[in-house]
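Chemist: Residue numbers (the UniProt record's numbering): 1 to 202.
1. Is the beta carbon of residue 19 sitting closer than 8 Å to the one on residue 54?
2. From residue 21 to residue 104, what distance separates their C-alpha atoms?
3. Any idea what DSSP makes of residue 198, helix, strand or coil?
4. Should residue 112 and residue 32 be called a contact, given that it needs their Cβ atoms to be closer than 8 Å?
5. Please return the same chain residues whose Cβ sits closer than 7 Å to the Cβ of residue 202, not counting the five positions on each side in sequence.
6. If I measure Cβ to Cβ from residue 148 and keep anything under 8 Å in the same chain, skipping five residues before and after, which residues do I get?
7. Which first and last residues belong to the alpha helix (DSSP H) in which residue 118 is found?
8. With DSSP as the reference, label residue 158 as helix, strand or coil.
9. Mapping DSSP to helix, strand and coil, what is residue 136?
10. Taking its Cβ as the centre, do 16 or more other Cβ atoms sit within 10 Å of residue 24, making it buried, or is it exposed?
11. Apart from the five residues just before and just after residue 7, which ones in its own chain have a Cβ nearer than 8 Å to its Cβ?
12. Which residue's Cα is closest to the Cα of residue 70: 83, 109, 152 and 191?
13. Our contact map puts residue 163 next to residue 143 with C-beta atoms below 8 Å; I'd like the distance itself, whole angstroms only.
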């Protein structure tokens, strides 16, 4: 009897987990593609193929849904930037690859979704208070893993600032990519900055 109840409970938990994941994925995609105003609990539920009631079972408010989605965004971006140091070429192409992959992270759908929330938070102090700790945690992780990927001394003040400049550049290129395909100019900027960074870190 106990085993039968466990067997029933596990598929139910799996379904609940899958529903939650669909809701978060739909939230991220809606934010990135249609913006903040379009990303309500109702529209997310419809995009995820679940009822509004099912959505509110997992996320009672829009703020709870957006916060959870943003947590996932930053987790995915952190994982991607952590993986950068594990798949890099050796030799002269190393620094270029670090810069290029950092820019890739900031031009992805996750960043576009986060950008919509940041814009809304600029005029919403409650939302800003929710996302600032998440953004700060990601920023610290991004900096740390980029330092590791470049193989520089974490106590080197100059290297610390150069890595911050690299991430600021990547974020700016990600912002430029939201309105139009900026890939041709972006490639030129990446090439130029990579050469300058290599000289500065030599």
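The beta-carbon is built from N, C-alpha and C at its ideal position, and this holds for glycine as well. Given the structure is predicted, the values throughout are model-derived calculations rather than measurements.
Modeler: For this structure:
1. Cβ atoms of residue 19 and residue 54: closer than 8 Å.
2. Computed Cα separation, rounded: 24 Å.
3. DSSP places residue 198 in helix when its eight states are reduced to three.
4. Yes, Cβ-Cβ distance for residue 112 and residue 32 is below 8 Å.
5. The beta carbon of residue 202 sits closer than 7 Å to no other beta carbon from its chain once the five residues preceding and following it are set aside.
6. Beyond the five residues adjoining it in sequence on each side, residue 148 comes within less than 8 Å, by CB distance, of 85 in the same chain, given in chain order.
7. Element bounds for residue 118: 109-121.
8. Reduced to three states, the DSSP call for residue 158 is helix.
9. Helix.
10. Per the 10 Å Cβ criterion, buried.
11. Note that residue 7 scores a pLDDT of 48, beneath 50, so its modelled location is shaky; the value from the coordinates is reported in the next line. Excluding sequence neighbours, residue 7 sits near nothing in its chain.
12. Among 83, 109, 152 and 191, the Cα nearest to that of residue 70 is on 109.
13. Between residue 143 and residue 163 the Cβ distance is about 6 Å, and since that is below 8 Å, they are a contact.
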